[in-house]
Amino acid sequence: MDAQTAEEERKLFLAAMESYRTGKMTPLLKEELKYRILSRILSEGRDELTLDRQADMSRQDVNQFHLRPEEIKRIEIRKEQNRKAAQKFRLKKKLEMDVVLKEYDELKKKNSVLRDEIKRLSDEREIMMRIITDICQTHTGPIPSQQIDSLFDK
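Numbering (full-length UniProt numbering), first residue to last: 1 to 154.
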């Protein structure tokens, strides 16, 4: 067994131990995904990828890799789809916000109308109470306010 194979087996063992320790399959899935990608690259006849985990590659460094025309086209199509989806999402959110604001304004107006109606009815009730009190006092003498209130509660 060569050193590279031993190192790969060690990484797989560590991933299995981590999965067992945490109870999650993520470390094993990451290793499996890495091996599938590597297998696909090798089956297409391309060179094996070597990753330096210490290197922090910027976007400019990534663009220096030579991509096949179909990969570039696929990336551009994906970017355009993302742009359109983002634009559609922003438009949808704007329309939803417009609907909410319109509903808010309508409810605010309705609330104002209802408050005015409450005030008008309250004032009208007060006037009616005075009229009834005056009529009752004129014909029968003073009436306790509790009796007047009970007339309106019915």
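Using N, Cα and C, we set each Cβ at its ideal position, and we do this for glycine too.
Query                                                                                                                                                                        : Result
State the DSSP-derived secondary structure class of residue 44, mapped to helix, strand or coil.                                                                             : coil
Can you tell me whether residue 31 is buried or exposed, with buried defined as 16 or more other CB within 10 angstroms of its CB?                                           : buried
Suppose the cutoff is 6 Å on Cβ atoms and the five residues either side in sequence are ignored; what does the same chain contact list for residue 23 look like?             : none
Buried or exposed: residue 60, going by 16 or more other Cβ atoms within 10 Å of its Cβ?                                                                                     : Note that residue 60 has pLDDT 49, beneath the 50 cutoff, so the model's placement of it is unreliable and no number is given.
Taking the alpha-carbon positions, what's the residue 42 to residue 91 distance?                                                                                             : 44 Å
Return the CA-CA distance between residue 99 and residue 112, expressed in angstroms with no decimal places.                                                                 : 20 Å
When DSSP labels each residue in this structure, what does residue 120 get in the three-state scheme?                                                                        : helix
Can you tell me which of the three DSSP states residue 129 falls into?                                                                                                       : helix
Taking C-alpha atoms, which residue in 29, 35, 19 lies nearest to residue 8?                                                                                                 : 35
For residue 15, count neighbouring C-beta atoms within 10 Å of its own C-beta (all shown protein chains included) and say buried if the count is 16 or more, exposed if not. : buried
DSSP three-state label for residue 68, please.                                                                                                                               : coil
Tell me the rounded alpha-carbon separation between residue 27 and residue 69.                                                                                               : 33 Å
What distance in whole Å lies between the Cβ atoms of residue 48 and residue 38, which are believed to be in contact at a cut-off of 8 Å?                                    : 7 Å
Which of helix, strand or coil does DSSP assign to residue 12?                                                                                                               : helix
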